[in-house]
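*Asks:* This structure is in structure tokens; I'll ask about it shortly.
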Amino acid sequence: IPSIKQTSCNDLFLDTDRALALLEEYCKQLKKPEEEQLKKAIKKVMGIFKSSLFQALIGKYLCKKLYLLQLDLCLWMLRAYGCVHYLHLG
Numbered sequence: 001i002p003s004i005k006q007t008s009c010n011d012l013f014l015d016t017d018r019a020l021a022l023l024e025e026y027c028k029q030l031k032k033p034e035e036e037q038l039k040k041a042i043k044k045v046m047g048i049f050k051s052s053l054f055q056a057l058i059g060k061y062l063c064k065k066l067y068l069l070q071l072d073l074c075l076w077m078l079r080a081y082g083c084v085h086y087l088h089l090g
């Protein structure tokens, strides 16, 4: 049986939120003058992560990916039980 973790689109946003939190934490540690350019770049990336456009795009991508994984699992189960001939795909 394919291994698919039971999850939802909202759960998938947790990875993005965690990445953002880690970037914020790392950014706080950058205090030396020579790290200022890196700090600005990280803040720019964080701004992109927080933007509504990015959130909408990542949400659409993650939900589509989750849907396709669930569809693959359903098709695998139908094949396993010999029910595929009832489907008319295409």
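Residues in the sequence shown are numbered from 1 upward in steps of one, following the UniProt record's numbering. Beta carbons: idealized from backbone N, C-alpha and C, even for Gly.
Using only the alpha-carbon positions, how far apart do Asp17 and Arg79 sit?
*Replies:* Locating residue 17 in the sequence shown gives position 17, where the first residue counts as 1. Locating residue 79 in the sequence shown gives position 79, where the first residue counts as 1. Cα to Cα, the separation comes out at about 37 Å.
*Asks:* Quick one: Cα of residue 124 to Cα of Leu68, how far?
*Replies:* With the chain covering only 1 through 90, there is no way to say anything about residue 124.
*Asks:* Give the single residue among Lys50, Ile48, Leu23 and Phe49 whose Cα lies nearest to the Cα of Leu38.
*Replies:* Reading the sequence shown from its first residue, position 38 is the one you call residue 38. Checking every option, the nearest Cα to that of Leu38 belongs to Leu23.
*Asks:* If you measure between the beta carbons of Leu20 and Phe49, is that distance less than 8 Å?
*Replies:* On the sequence shown, residue 20 is found 20 positions in, with the first residue counted as 1. On the sequence shown, residue 49 is found 49 positions in, with the first residue counted as 1. Yes.
*Asks:* Does the Cβ of residue 163 have 16 or more other Cβ atoms within 10 Å, making it buried, or fewer, making it exposed?
*Replies:* The requested residue 163 does not occur in the structure, where the chain is confined to residues 1 to 90.
*Asks:* Of all the alpha helix (DSSP H) runs that stay within the bounds of the stretch 24 to 61, which reach a length of 4 or more residues?
*Replies:* Whole alpha helix (DSSP H) segments, 4+ residues: 36 to 50.
*Asks:* Which one of Leu73, Leu14, Ile42 and Asp15 has the shortest CA to CA distance from Cys27?
*Replies:* Numbered from 1 along the sequence shown, position 27 holds the residue referred to as residue 27. Among Leu73, Leu14, Ile42 and Asp15, the Cα nearest to that of Cys27 is on Ile42.
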